[in-house]
Every structure is written in structure tokens, then in C-alpha cells.
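Worksheet for the structure shown next.
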Amino acid sequence: MTGNPTVGERHPAHVPEVAVGAVCIRSARLLLVRRGRGVAVGAWSLPGGRLEFGETIAEGIRRELLEETGLHGTIGPLCGIAERVVDGHHYVIVDHWVSVDDAEAVAADDADDVVWASRADLERLQLVARLREFLDAHRVTDLLD
Numbered sequence: 054m055t056g057n058p059t060v061g062e063r064h065p066a067h068v069p070e071v072a073v074g075a076v077c078i079r080s081a082r083l084l085l086v087r088r089g090r091g092v093a094v095g096a097w098s099l100p101g102g103r104l105e106f107g108e109t110i111a112e113g114i115r116r117e118l119l120e121e122t123g124l125h126g127t128i129g130p131l132c133g134i135a136e137r138v139v140d141g142h143h144y145v146i147v148d149h150w151v152s153v154d155d156a157e158a159v160a161a162d163d164a165d166d167v168v169w170a171s172r173a174d175l176e177r178l179q180l181v182a183r184l185r186e187f188l189d190a191h192r193v194t195d196l197l198d
């Protein structure tokens, strides 16, 4: 089998993958990371990534947040769930509200930059596909300056 799978097709390589994301707001700004490798290189997204085998959603979010920004977070309620099909991969992304410590965010791992973005910043930054729609649909942008 080559190429992208079709809807309903079952093949071990084409099973949806669970990913997680952290929705962090501090001083009316949203934490974003710029992808340095992997899917959507150069685009800005929420800190997050694939869930590892055996991890809970909360553990995965804390790990990804720490790996990509150096920040420690406390997991809050579900913000929303997004689905993306990119380059033959089907991702189911579980995004939670996360409160973070007051430390400075520093890009690391597969993030090559980090920013606390205002609503105006969202207009000028190259966001990953459909992130802006997700933020609007889940009223995240309403909380930003």
C-alpha cells in the first residue's frame, strides 16, 4: 500500500495518532511555539505533540510543554479537540487549558522559537493550518489583548 489511505481503510501505519496541546494564557497573551522540525516547520502552534505509549493526556501535555518551552504547567479543563490529516497522518489533538509558572519560556526540542502572542500577533504570524479557527471557535482569542 502506498500513498494516502482512504477513509475507512485499516492498516497499522494509518491508525489515527493521538496528540496533545497546551493552551496557556499569561497576561492576556497566548503561548505559541514555532515548529523547527517535523510537521509544519516554520509555522506557529500551541506547544504539544504526540502522546507517548502509556502516557496519560495530562502527562503528555506536561512533558511536551516542558520539552518545548521549559515551563511547568498545571493541567486544567479540556479546551477542545481538533483533527488534522497531514502528509498521510491522521492526528486527533486533545488541547487542554494549562496554567504555567512564572519562569521565562525558552524554545527547545523541536520548537525553534517561542512567543506570548496578542490577538494582533495572531494576524501576522504564520499559524499552523486551522489553528486560528480553533482558537476562535473555543473563545481563546476572546481572552487576548
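Just so we're aligned, residue 54 is where the sequence shown starts under my numbering, counting upward by one. C-beta atoms are modelled at their ideal positions from N, C-alpha and C, and glycine is treated no differently.
Chain-order list of residues whose beta-carbon lies under 6 Å from that of residue i (same chain, five-residue window excluded)
| i | result |
| --- | --- |
| Arg-137 | Tyr-144 |
Where residue i falls: helix, strand or coil (DSSP)
| i | result |
| --- | --- |
| His-67 | helix |
| Arg-177 | helix |
| Leu-196 | helix |
| Val-73 | strand |
Residue i: first and last residue of the uninterrupted alpha helix (DSSP H) it sits in
| i | result |
| --- | --- |
| Asp-189 | 184-190 |
Segment limits, beta strand (DSSP E) that includes residue i
| i | result |
| --- | --- |
| Val-151 | 142-153 |
| Ala-164 | 164-170 |
Own chain partners of residue i with C-beta closer than 8 Å, once the 5 adjacent residues on each side are dropped
| i | result |
| --- | --- |
| Asp-154 | Leu-124, His-125, Gly-126 |
| Thr-55 | Per-residue confidence for Thr-55 stands at a pLDDT of 49, beneath the threshold of 50, marking its modelled position as unreliable; no derived number is given. |
Spatial neighbours of residue i in its chain, beta-carbon cut-off 7 Å, leaving aside the 5 residues before and after
| i | result |
| --- | --- |
| Leu-196 | Ile-78, Ala-81 |
| Gly-95 | Arg-87, Arg-88, Gln-179 |
task = Give, in chain order, every unbroken run of the beta strand (DSSP E) that is at least 3 residues long and sits entirely within the segment 81-126.
result = 82-88, 101-103
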